[in-house]
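Remarks on the structure that follows.
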Amino acid sequence: MHTLRISTLRQRLQDLGAKPCHEDRLLRGWSQVRSYDVKGSPAEIFFPAALRNALPTIEAELEGLARLHGEYPVSLSPTLSRTAGEGANAAPSATSNNDEIARLLVELHDGQMVESVLLPRGGLCVSTQVGCAVGCVFCMSGRDGLIRQLGSAEIVAQVVLARKRRKVEKVVFMGMGEPAHNLDNVLEAIDVLGTLGGIGHKELVLSTVGDVRVFERLMERCDLQTNSYSESVRRSRESGSPVNQTNWIPAFAGMTPPPSSAFTSAARLVRPAL
1270 MHTLRISTLR QRLQDLGAKP CHEDRLLRGW SQVRSYDVKG SPAEIFFPAA LRNALPTIEA
1330 ELEGLARLHG EYPVSLSPTL SRTAGEGANA APSATSNNDE IARLLVELHD GQMVESVLLP
1390 RGGLCVSTQV GCAVGCVFCM SGRDGLIRQL GSAEIVAQVV LARKRRKVEK VVFMGMGEPA
1450 HNLDNVLEAI DVLGTLGGIG HKELVLSTVG DVRVFERLME RCDLQTNSYS ESVRRSRESG
1510 SPVNQTNWIP AFAGMTPPPS SAFTSAARLV RPAL
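All the letters of the sequence shown, read from the start, carry residue numbers 1270 to 1543 under our numbering.
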């Protein structure tokens, strides 16, 4: 499997003679689940010959990154459904009602399983790791510890899989795994989804348990504007997550974005998500 990371896929395309415009067209078509053709210009004419010949193999590998193993609808009351859509960055569907929530059991290329969640109003929750090393007492994801990281292409592939079922306009990185512990792949996926994937950066939400070591890097991102924490009472946070025993919130709140960061022009909000 050559396509676990977007950067690896780009290099592979370059080796086949692709220029940046060819790479972007392929990634845009894949991530948005649409044709590679643009304004009447078919891909067969636009792509280099070597890339055209390799395209069926590449498409098959991308298809195999994330396959639907099972779909499990979640029934909520109308009030809870509205709340989920407003607060959790949710996802509508071409195959079902836009207010429905569904858990997708996703099989990766190596047989490992992760979960994505379709939520109301165009959102999707994706996984970033197989398993998790954090050990939050309320979460089953880390019961067996961390098994492996997801590549950036595997993360984007979850969005592709969901888009084949519903319209996806928002993505929250809050599924299986701790995104901050797989930051290179997560940020690479965010870059693709926020540009070629056609999703606004304000609609790409990274959720973390609060590992203070990653915040300095995240502060350099202009698309990180709102930060929330799951419990406003420190004692409750500490009982639920080992990471929160370090009381990271004061350290984070005191951080100042570097002067060169585009983040300085945006308001920063730290809020409890109760």
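All C-beta atoms in this analysis are idealised placements derived from N, C-alpha and C, irrespective of residue type, glycine included. Since this is a predicted model, take the numbers as computed values, not measurements.
Beta-carbon proximity of residue i to residue j, cut-off 8 Å
i       : j       : result
Gly1466 : Ser1300 : yes
Glu1457 : Ile1275 : yes
Ala1319 : Leu1285 : yes
Lys1439 : Val1302 : no
Val1441 : Val1399 : no
Met1443 : Ser1476 : yes
Gly1420 : Leu1282 : no
Val1406 : Ile1370 : no
Leu1334 : His1378 : yes
Ile1416 : Asn1454 : no
Ala1431 : Leu1331 : no
Leu1387 : Leu1374 : no
Arg1486 : Leu1452 : yes
Val1428 : Ala1449 : no
Classification of residue i by the beta-carbon crowding that lies within 10 angstroms, buried from 16 upward
i       : result
Gly1479 : buried
Cys1401 : buried
Ser1304 : exposed
Gly1414 : exposed
Ile1459 : buried
Ser1310 : exposed
Thr1397 : buried
Arg1412 : exposed
Lys1288 : exposed
Glu1447 : buried
Glu1313 : exposed
Glu1292 : buried
Thr1326 : exposed
Span of the beta strand (DSSP E) around residue i
i       : result
Ala1335 : 1335-1343
Asp1474 : In the sequence under discussion, the amino acid at residue 1474 is Val, which differs from the Asp named in the question. 1473-1475 is the extent of the beta strand (DSSP E) around Val1474.
Start-to-end residues for the alpha helix (DSSP H) that takes in residue i
i       : result
Leu1462 : 1452-1462
Asp1293 : 1289-1300
Arg1303 : Here Arg1303 belongs to no alpha helix (DSSP H), and DSSP marks it neither H nor E.
Asp1284 : 1275-1284
Gly1332 : For the sequence presented, residue 1332 should be read as Glu rather than Gly. Counting along the chain, the alpha helix (DSSP H) containing Glu1332 begins and ends at 1318-1332.
Ile1468 : Here Ile1468 belongs to no alpha helix (DSSP H), and DSSP marks it neither H nor E.
Glu1369 : Glu1369 -> no alpha helix (DSSP H), and no H or E assigned at all.
Within-8 Å CB hit, residue i to chain B
i       : result
Val1343 : No chain B is part of this structure, which consists of one protein chain only.
For the stretch 1331-1342 and the stretch 1388-1400, state whether three or more C-beta atom pairs, one from each stretch, are separated by less than 8 Å.
-> Touching, no, given that fewer than three Cβ pairs across the two stretches are closer than 8 Å.
Could you say if the stretch 1377-1390 and the stretch 1296-1308 meet the contact criterion of at least three C-beta pairs nearer than 8 Å?
-> Verdict: no, contact absent.
Write down every uninterrupted run of the beta strand (DSSP E) in the stretch 1372-1448 whose length is 3 residues or greater and which is fully enclosed by it, in chain order.
-> With a minimum length of 3 residues, the unbroken runs of beta strand (DSSP E) contained wholly in the stretch 1372-1448 fall at 1382-1388, 1392-1395, 1398-1400, 1415-1418, 1439-1442.
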